[in-house]
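Residue numbers (full-length UniProt numbering): 58 to 522. By construction, the Cβ of each residue, glycine as well, lies at the ideal position given by its N, Cα and C atoms.
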Amino acid sequence: AGSHDHAAMTADAVGPPHPAVAAAAAAKFTRALPILGTQKPLARTSTTDVYASRIVDTTAEILPGVRSTVRTYDGSFSGTVVRATRGRRVLMVQTNKTSDPSSVHLHGGVTPQRWDGGGMAVIAPGKSKEYVYANTQPGATLWQHDHVHHAHAENVFRGLARPYLLHDPAQDALNLPSGEYDVPLVLRDARFDSDGQLAYVMDDAEGRSTILVNGVPWPVMKVKARRYRLRFINAANLRFFVMALSTGTPFTQIGGDGGLLPAPWQAPVIAISPGERAEVVVDFSAYPKGTVLTLDNYIGPGPMEDVGKVMAFEVGDPAPDTSTVPASLAPLPALKPAAVRRRFELAMDEPGSGGMAATINGLAFDHDRIDTTVPWGSTEEWTVVNTNATLPHNFHTHLVPFRVLSRDGKPVGLDESGLKDTVQIFPGQTVVLRLTFDSHRGVYPYHCHMLDHSDMGMMAQMKVV
Ligand code: C2O
Ligand code: CU
Ligand code: CU
58 AGSHDHAAMT ADAVGPPHPA VAAAAAAKFT RALPILGTQK PLARTSTTDV YASRIVDTTA
118 EILPGVRSTV RTYDGSFSGT VVRATRGRRV LMVQTNKTSD PSSVHLHGGV TPQRWDGGGM
178 AVIAPGKSKE YVYANTQPGA TLWQHDHVHH AHAENVFRGL ARPYLLHDPA QDALNLPSGE
238 YDVPLVLRDA RFDSDGQLAY VMDDAEGRST ILVNGVPWPV MKVKARRYRL RFINAANLRF
298 FVMALSTGTP FTQIGGDGGL LPAPWQAPVI AISPGERAEV VVDFSAYPKG TVLTLDNYIG
358 PGPMEDVGKV MAFEVGDPAP DTSTVPASLA PLPALKPAAV RRRFELAMDE PGSGGMAATI
418 NGLAFDHDRI DTTVPWGSTE EWTVVNTNAT LPHNFHTHLV PFRVLSRDGK PVGLDESGLK
478 DTVQIFPGQT VVLRLTFDSH RGVYPYHCHM LDHSDMGMMA QMKVV
């Protein structure tokens, strides 16, 4: 982006990483986890929270002692958190202070087309655009990220992503851990060049082996000995995280993409692909003061001594805790019968083939083409197939959340039992989704959320009419 000549960037051109990359990897779990600040509204009316937000290039100390150029919302590399409330609108004016076009998407939001952040609905450099979010959907961990045509993968890689937590007052009675004990954790990865600058190479899954949480490598979070609600957001472009606590204790998973699950369950691992979210409760009062738990990752690519570690939790003093995790959380709406069935095949040139094509049903993305026309009000069953033999994909729909009915013919687990907007599809797998199009009309994309893949063409458009 900007002055970077990314078109010519290849893995070879990046050169050896700056020495601070190895220093950060050697100093795992010493840097304190940054607690993300809250984006302050300009004004609150009786119905609306009004925000002014700036898309701005700045620098951040990601590696110790090195300033890296980043592209941010409001100057924060992992974002200041937007805290919205169900039933109150958010009006956000975005001003683009960079020299490239941008488009802001609320991932997981049920949003009219004009505010969805379409690839061509850009904010030109120096210009502003208003986005309005109704926030009528159930409480959920949403996130905002760039969606500009052909550059969203690079823009998100450079930092244009932030949490958007939709608080649901109807869920307050559940008495889940809240306030400072409700912590968003933005997971991603990065690759640095010899100057310590972020190096974007298309489809560089292997090279991005520095794991970042809330913008810093392998941090440690000092926790009180009590319950916490942790909200994981996978904001990496290509990396899946399959995570477990080093103690072997399961997480109590309470939420997924679309908000709370029907019921909590004891999840031995949390597996989230790019774009997905998972909310868990961890009770640190089970450990003596001074205990260090690491959050380990069980899947590559990259050297497992680095990508196999995410962050650590260091248990401190006890703190009063009246929070609970009730046995039932948020009931799901009844599944409607599907009137229409469709099939989508995801395909990409295999590594080593020399090609860089990525398609859905044989076609690379074309913003002038409508791929799927959906009648408003219909309920549909979408079968999505990953035709690749070695590459994972996932599948994300704008506008409507969905339910995952099956994977390879078997019912999915409790982790995928709630409302979803992104679903992982390992090589050769098939998932079946049920979607009801009863919100807005208009043109919306669906795509692989491994953002390099969608930038390479694995994206298509539906029109709800
Ligand atoms: Cu995170 Cu098209 O979306
Ligand atoms: Cu989205
Ligand atoms: Cu993909």
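Beta-bridge partners of Val326 (DSSP): none assigned. Spanning the alpha carbons of Ser410 and Gly72 requires a straight line of approximately 23 Å. Ranking Val489, Gly470, Ser463, His455 by CA distance to the CA of Met519 puts His455 first.
Glu402: member of the beta strand (DSSP E) spanning 397 to 405, first to last residue. Out of Lys477, Gly253, Arg111, the CA that lies nearest to the CA of His453 is found in Lys477. For Ala109, the closest alpha carbon among the candidates Leu269, Leu99, Thr115, Gly514 is that of Leu99.
In the DSSP assignment, Val469 falls outside any beta strand (DSSP E), carrying neither H nor E. Ligand 1 never approaches Pro375 closely enough for any of its heavy atoms to be under 7 Å from the residue's Cβ. Excluding its 5 nearest sequence neighbours in each direction, Asp131 has C-beta neighbours in its own chain below 6 Å: Ser110, Arg111, Thr137, listed in chain order. The beta carbon of His224 sits no closer than 7 Å to any heavy atom of ligand 2. Three or more beta-carbon pairs drawn from the segment 150 to 161 and the segment 180 to 192 are found closer than 8 Å, and the two stretches are therefore classed as touching. Taking a contact as a CB-CB distance under 8 Å, the pair Ile329 and Leu318 does not count as one, their CB atoms being some 14 Å apart. Annotation: the segment 183 to 218 contains the following complete segments of the beta strand (DSSP E) (minimum length 3 residues), in chain order: 185 to 190, 197 to 203.
Taking every protein chain shown into account, the CB of Trp439 has 16 or more other CB atoms within 10 angstroms, so this residue is buried. Between the alpha carbons of Ala80 and Pro358 lies a distance of about 20 Å.
The secondary-structure analysis by DSSP pairs Asp340 across a beta bridge with Arg284. Ligand 1 never approaches His424 closely enough for any of its heavy atoms to be under 7 Å from the residue's Cβ.
Here Tyr130 is bridged, per DSSP, to Ile112, Ser133.
By the neighbour-count criterion, in which 16 or more other beta carbons inside 10 Å mark a residue as buried, Gly236 falls on the exposed side.
Rounded to the nearest whole angstrom, the CA to CA distance from Ala282 to Ser342 is 4 Å. Per DSSP, the unbroken alpha helix (DSSP H) holding Asp509 starts and ends at 508 to 513.
Judged by DSSP secondary structure, Glu362 falls within the alpha helix (DSSP H) whose first and last residues are 361 to 364. Bounds of the beta strand (DSSP E) holding Ala301 are 298 to 302. Taking the Cβ of His450 as the reference point, every heavy atom of ligand 2 lies at 7 Å or farther away. Segment contact: the segment 164 to 176 against the segment 254 to 274, fewer than three CB-CB distances shorter than 8 Å; contact not assigned.
Excluding residues up to 5 positions away in sequence, Pro484 lie with their Cβ nearer than 6 Å to the Cβ of Ala446 in the same chain.
Exposed is the label assigned to Glu407, since fewer than 16 other Cβ atoms lie within 10 Å of its Cβ. Taken from the Cβ of His206, every heavy atom of ligand 2 lies 7 Å or farther away. Residues whose Cβ lies closer than 6 Å to any heavy atom of ligand 1, listed in chain order: His162, His164, His202, His204, Gly332, His453, His455, Pro502, His504, His506.
Using a Cβ distance threshold of 8 Å, Ile290 and Leu403 do not count as a contacting pair.
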